[in-house]
Amino acid sequence: MCRIFVNRGTRLSFNYLSSPGYYGCGTRIRLTGDSTSIISCLPAAQSLEVSPGRIVLVEILRTNDAGAVNSDYCYSVEIIGAGSAGSVIADRISANDPRINILLIEAGEPETGRRESPLIDIPSLHPMLINSSVDWGYLSVPQRHAGLGFNNRRIPLPQGKVSGGSFSINGLIYQRGSRHIYDAWEAMGATGWGFKDILKYFRRSEDISVPELMKSTYHKTCGPLRVSRLAPSPLLNIYIDAAGELGYPVINCNEGLDEGICRVQTNIKDGRRWTTLDGFTRNAIGRQNVDMVTDAHVLISKRKALGIEFIHRGIAFKVRATREIILTAGPYGTPQILLRSGIGPPNQLNRFKIPPIAFLPVGENLQDHAVLGIRVLVKVPTIKPNPMSDIIKMNQYLFQRKGLMAELGGTEAILTMNTKQTKGPEKYPNLQIEFKSTLPDHDPGALRIANKRSDLLDNWFTLARLKDGIYLVLKPLHPKSRGNIKLGGTDIKDTPFIDPQYLSNNEDLDEFVNGIRVIQRLLKTSVFKKMGASLGPTFSGCMNHPRDSDEYWRCFIKHFVESGNNPVGTAKMGAVNDNTTVVGPDLKVKEIEGLRVADSSVIPEITDYVNAATIMIAERAAEFIKADAKNAKKAR
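Counting from 1, one number per residue, gives the positions in the sequence shown under the UniProt record's numbering.
Laid out in C-alpha cells, this is it:
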C-alpha cells in the first residue's frame with residue numbers, strides 16, 4: 001500500500017468509500033510522527049475528520065518533511081483527471097493487474113451532495129449545468145471576429161468540474177464522425193490511428209441497445225458504456241423526408257459513413273445520464289488497488305516525470321509514480337498542467353519565470369466547433385412549455401424514468417453533408433445540421449446563464465416564446481480557425497486565457513453562409529412547406545445589410561455563433577519529428593520520460609462530437625500502458 005506525506009499538525013478531511021471488506025470500519029490509517037498509532041475504525045478517529053462519501057486514501061504517513069518523497073511513498077500509475085478518459089484508463093489497467101496500484105485525481109468534487117446533483121442525471125436539463133458549480137465557468141477572451149451577441153464578446157466554454165468531467169454536463173450525443181477524419185490523423189503523422197485501426201477501441205467500450213444494430217460489426221453489446229437511441233416524435237419523419245428530397249439517405253450513426261441523416265444516438269440508460277463515471281470509475285474505485293482523490297489540483301515537475309504534487313482541500317501532497325503519469329485533465333486542464341511544469345512554448349514559460357524542461361507547442365492548435373442556431377417557425381405542434389403538461393412530464397420522469405425529461409430536450413436527428421464534394425484525403429463531410437423540435441426562447445433561464453447580452457435576452461430571444469418552432473443547429477465540422485490557451489498565472493487558481501479565435505479564418509464564415517443556404521433549401525421541400533415553415537424574424541442588429549444577403553448573414557453569424565463544446569488539439573498528437581506536435585502516436589510526451597497524455601487535447605484534427613473519440617483514445621491508451629508494463633516485466 002502506498003503512503004502520502006502530509007505536514008505535521010494538519011487536520012485531514014477526506015471521504016472514503018464504504019465497501020465491506022475494504023473501506024469503512026476496519027480500514028487502517030497509519031499516523032507516524034513522534035509515535036505511530038493504528039486506527040482500526042475510521043468513525044472513531046480522534047485526529048482525523050472523516051465523512052462518509054466516496055473515496056479515498058487508505059494509508060497516510062504524517063511527517064515533518066513533506067518534500068522527502070522517495071520510492072517508498074508511491075503509486076504505480078497516477079492519472080490526473082477522472083473524466084471521460086481518466087475513468088476508462090483507471091478501470092482498464094486496475095482490472096488487468098491487481099498488483100498495479102493507481103491514484104486517480106479529479107479537480108472537481110463528487111457529483112453527490114451538490115445542489116446540481118439531480119440535474120446531472122436528468123438528460124433534458126443539461127443546459128442548466130452551464131455556469132453552475134459543476135462547470136469551471138470558463139469564458140473565452142474577447143473574440144475579435146465573433147461574440148457580438150455576448151457580454152464583452154466573451155463566449156462561454158463549458159467544462160465539467162465534477163467527477164465524470166465534461167461527460168457529466170454535456171449534451172449526451174454519441175457521434176464518432178467520419179472514417180476519413182481518422183485516416184487524416186494517420187496521414188498527418190499519427191501512425192496507427194486510421195479508422196481500420198481504431199474501430200475496435202470504439203467497440204470495446206460500447207453497450208449498444210438499438211436492436212437492429214446489436215449484430216453490426218461497427219457496434220458491440222455488453223460493454224460499460226450504454227449507447228441508446230431516443231424515442232421518435234412525429235417530427236422525425238419530416239426531417240428524414242426533407243433530407244431525402246435533397247438527396248440525403250437515411251444512415252446509421254457511428255458506422256463511419258459520410259453523408260446522410262441519422263437518428264441521434266445517446267449515452268442514456270433507463271432514463272438517466274450514463275457516463276464513464278457510471279460505467280468505468282465506479283468499477284475502478286471498488287478495487288483495492290485504486291485510490292481516488294477529488295477536489296484536487298495538480299502540478300508535475302522534472303524532465304523525468306517522477307511524481308506529482310497536488311493540493312487536496314488546502315493540503316499539499318507529493319506522490320511518486322513508479323511507472324508513469326497519465327494526463328487526462330482535458331483540452332484546457334492538461335495544457336495548464338504541462339505549462340506550469342515547464343513544458344511549453346518559450347514565451348509562456350519565460351513570462352512567468354517557469355524553469356523550462358522542454359520547449360513544446362503546448363496550448364497551441366486549439367480547435368472547437370463554432371455552432372449557430374437558426375429558428376424556424378412552424379404551424380404544427382412542437383415542444384414548448386405548458387404548466388399542465390410540465391407536471392405530467394415531471395411525474396412521468398420521476399415514476400417511470402420516461403418521457404421528454406429522459407431525452408435531450410428535443411434533439412432528434414443529425415444531417416451530415418459534404419457540400420464541397422471533396423475527394424481524396426479531405427473527403428469527409430464539412431457540414432452538419434442538428435434537428436431540435438423546440439426553441440431556446442422557451443427556456444429563458446438557460447439563456448440568461450449563457451452570458452448573452454441583456455438587450456438580446458429581453459428582445460430577440462422573446463420573439464418566438466411560446467410559439468411552435470424548431471431549432472436547426474448548424475455546425476461546420478472542420479473549422480480552419482485555430483486558437484490557443486495560455487496561463488493566467490503561476491498559481492493553480494489563476495484562470496487561463498482561452499482564445500478559440502472563432503471565425504478568424506474567413507473559410508469558416510463562408511461555411512456558415514453555405515449551411516444557411518442548405519437550411520433554406522430544406523424549408524422549400526414539400527414536407528416543410530406542409531408545416532408552414534418559415535425562418536424566424538429578421539435580426540434588427542444587422543438591418544444595415546440587405547435582408548438575406550450574404551452580408552446580412554455574416555453579421556448574424558458574428559452575433560450568435562457560440563461554442564459547440566468540443567475543444568481539442570492543445571497537446572497535438574503526431575510524428576515525433578513534427579515540431580507542431582506534443583505527443584507521439586504512443587501518446588507519450590516528447591522529450592519527457594514517464595509522461596503520457598490521453599484525452600481530447602491530443603486530437604490533431606477535430607472530429608464530430610468529440611466525447612466518443614476521447615473514450616476511444618483512452619481505451620487505446622490503456623492498451624499501450626498494459627503493453628509497456630508487460631514488456632518491462634519481461635525485460636527484468
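The beta carbon of each residue, even a glycine, is placed where N, CA and C say it ideally should be.
By alpha-carbon positions, which one of the options ends up nearest to residue i?
{"i": "residue 437", "options": "491, 380, 449", "result": "380"}
{"i": "residue 637", "options": "161, 378, 122, 126", "result": "An answer regarding residue 637 cannot be provided, because it is not within the stretch 1 to 636 covered by the chain."}
{"i": "residue 460", "options": "539, 145, 88, 126", "result": "539"}
{"i": "residue 85", "options": "633, 634, 611", "result": "611"}
{"i": "residue 194", "options": "605, 329, 334", "result": "605"}
{"i": "residue 411", "options": "255, 159, 382", "result": "382"}
{"i": "residue 87", "options": "250, 240, 626, 281", "result": "281"}
{"i": "residue 144", "options": "598, 500, 547, 518", "result": "500"}
{"i": "residue 473", "options": "578, 431, 601, 323", "result": "431"}
{"i": "residue 433", "options": "220, 522, 526", "result": "522"}
{"i": "residue 553", "options": "564, 537, 575", "result": "537"}
{"i": "residue 649", "options": "364, 545, 245, 318", "result": "This structure cannot settle anything about residue 649, because the visible part of the chain is limited to 1 through 636."}
{"i": "residue 353", "options": "142, 490, 616, 622", "result": "490"}
{"i": "residue 247", "options": "586, 453, 419, 263", "result": "419"}
{"i": "residue 131", "options": "147, 158, 271, 148", "result": "158"}
{"i": "residue 229", "options": "190, 217, 263", "result": "263"}
{"i": "residue 648", "options": "455, 238, 598", "result": "As shown, the chain starts at 1 and ends at 636. That puts residue 648 outside it, with no answer to give."}
{"i": "residue 286", "options": "477, 91, 219, 463", "result": "91"}
{"i": "residue 494", "options": "137, 128, 97, 121", "result": "137"}
{"i": "residue 443", "options": "107, 98, 126", "result": "126"}
{"i": "residue 220", "options": "240, 199, 307, 231", "result": "199"}
{"i": "residue 103", "options": "350, 360, 322", "result": "322"}
{"i": "residue 170", "options": "129, 526, 487", "result": "129"}
{"i": "residue 643", "options": "74, 191, 149", "result": "Outside the shown range of the chain (1 to 636) lies residue 643, about which nothing can therefore be said."}
Taking the CB atoms as reference points, tell me whether residue i and residue j lie closer together than 7 angstroms.
{"i": "residue 283", "j": "residue 274", "result": "no"}
{"i": "residue 201", "j": "residue 596", "result": "no"}
{"i": "residue 561", "j": "residue 573", "result": "no"}
{"i": "residue 457", "j": "residue 447", "result": "yes"}
{"i": "residue 469", "j": "residue 371", "result": "no"}
{"i": "residue 528", "j": "residue 542", "result": "no"}
{"i": "residue 330", "j": "residue 338", "result": "no"}
{"i": "residue 156", "j": "residue 451", "result": "yes"}
{"i": "residue 255", "j": "residue 225", "result": "no"}
{"i": "residue 481", "j": "residue 508", "result": "yes"}
{"i": "residue 568", "j": "residue 348", "result": "no"}
{"i": "residue 293", "j": "residue 105", "result": "yes"}
{"i": "residue 209", "j": "residue 83", "result": "no"}
{"i": "residue 570", "j": "residue 601", "result": "yes"}
{"i": "residue 93", "j": "residue 617", "result": "no"}
{"i": "residue 151", "j": "residue 142", "result": "no"}
Which residues mark the beginning and the end of the alpha helix (DSSP H) in which residue i is found?
{"i": "residue 86", "result": "84-96"}
{"i": "residue 517", "result": "506-523"}
{"i": "residue 335", "result": "330-340"}
{"i": "residue 502", "result": "From DSSP, residue 502 is part of no alpha helix (DSSP H); its letter is neither H nor E."}
{"i": "residue 346", "result": "346-351"}
{"i": "residue 614", "result": "610-635"}
{"i": "residue 182", "result": "179-187"}
{"i": "residue 554", "result": "550-560"}
{"i": "residue 103", "result": "Run containing residue 103: none in the alpha helix (DSSP H); it sits in the beta strand (DSSP E), 102-105."}
{"i": "residue 480", "result": "First-last for residue 480: undefined, no H or E at that position."}
{"i": "residue 456", "result": "454-458"}
{"i": "residue 527", "result": "526-530"}
Mind checking which residues open and close the beta strand (DSSP E) that includes residue i?
{"i": "residue 370", "result": "370-377"}
{"i": "residue 432", "result": "431-436"}
{"i": "residue 322", "result": "315-327"}
{"i": "residue 687", "result": "With the chain running from 1 to 636 in the structure shown, residue 687 is simply not present."}
{"i": "residue 484", "result": "484-486"}
{"i": "residue 291", "result": "290-293"}
{"i": "residue 475", "result": "469-476"}
{"i": "residue 415", "result": "411-417"}
{"i": "residue 595", "result": "595-597"}
To the nearest whole angstrom, what separates the beta carbons of residue i and residue j, a pair I think is in contact under 8 angstroms?
{"i": "residue 416", "j": "residue 258", "result": "7 angstroms"}
{"i": "residue 101", "j": "residue 124", "result": "40 angstroms between Cβ atoms; not a contact."}
{"i": "residue 594", "j": "residue 305", "result": "4 angstroms"}
{"i": "residue 277", "j": "residue 163", "result": "6 angstroms"}
{"i": "residue 80", "j": "residue 311", "result": "Contact doesn't hold; Cβ gap of about 13 angstroms is too wide."}
{"i": "residue 414", "j": "residue 519", "result": "Going by Cβ atoms, the distance from residue 414 to residue 519 rounds to 14 angstroms, so no, they are not a contact pair."}
{"i": "residue 120", "j": "residue 168", "result": "5 angstroms"}
Is the closest heavy atom of the ligand SAH to the C-beta of residue i under 6 angstroms?
{"i": "residue 156", "result": "Judged by which ligands are present, the structure shown has none, so any question about the ligand SAH falls away."}
Q | Ranges of the beta strand (DSSP E) found wholly within the region 204-288, counting only runs of at least 3 | A | Listed in chain order, the complete beta strand (DSSP E) runs (minimum 3 residues) inside the region 204-288 are 206-208, 225-229, 260-263.
Q.
Which complete alpha helix (DSSP H) runs does the region 115-186 hold, if anything under 4 residues is left out?
A. Counting only runs of 4 or more, we get 117-121.
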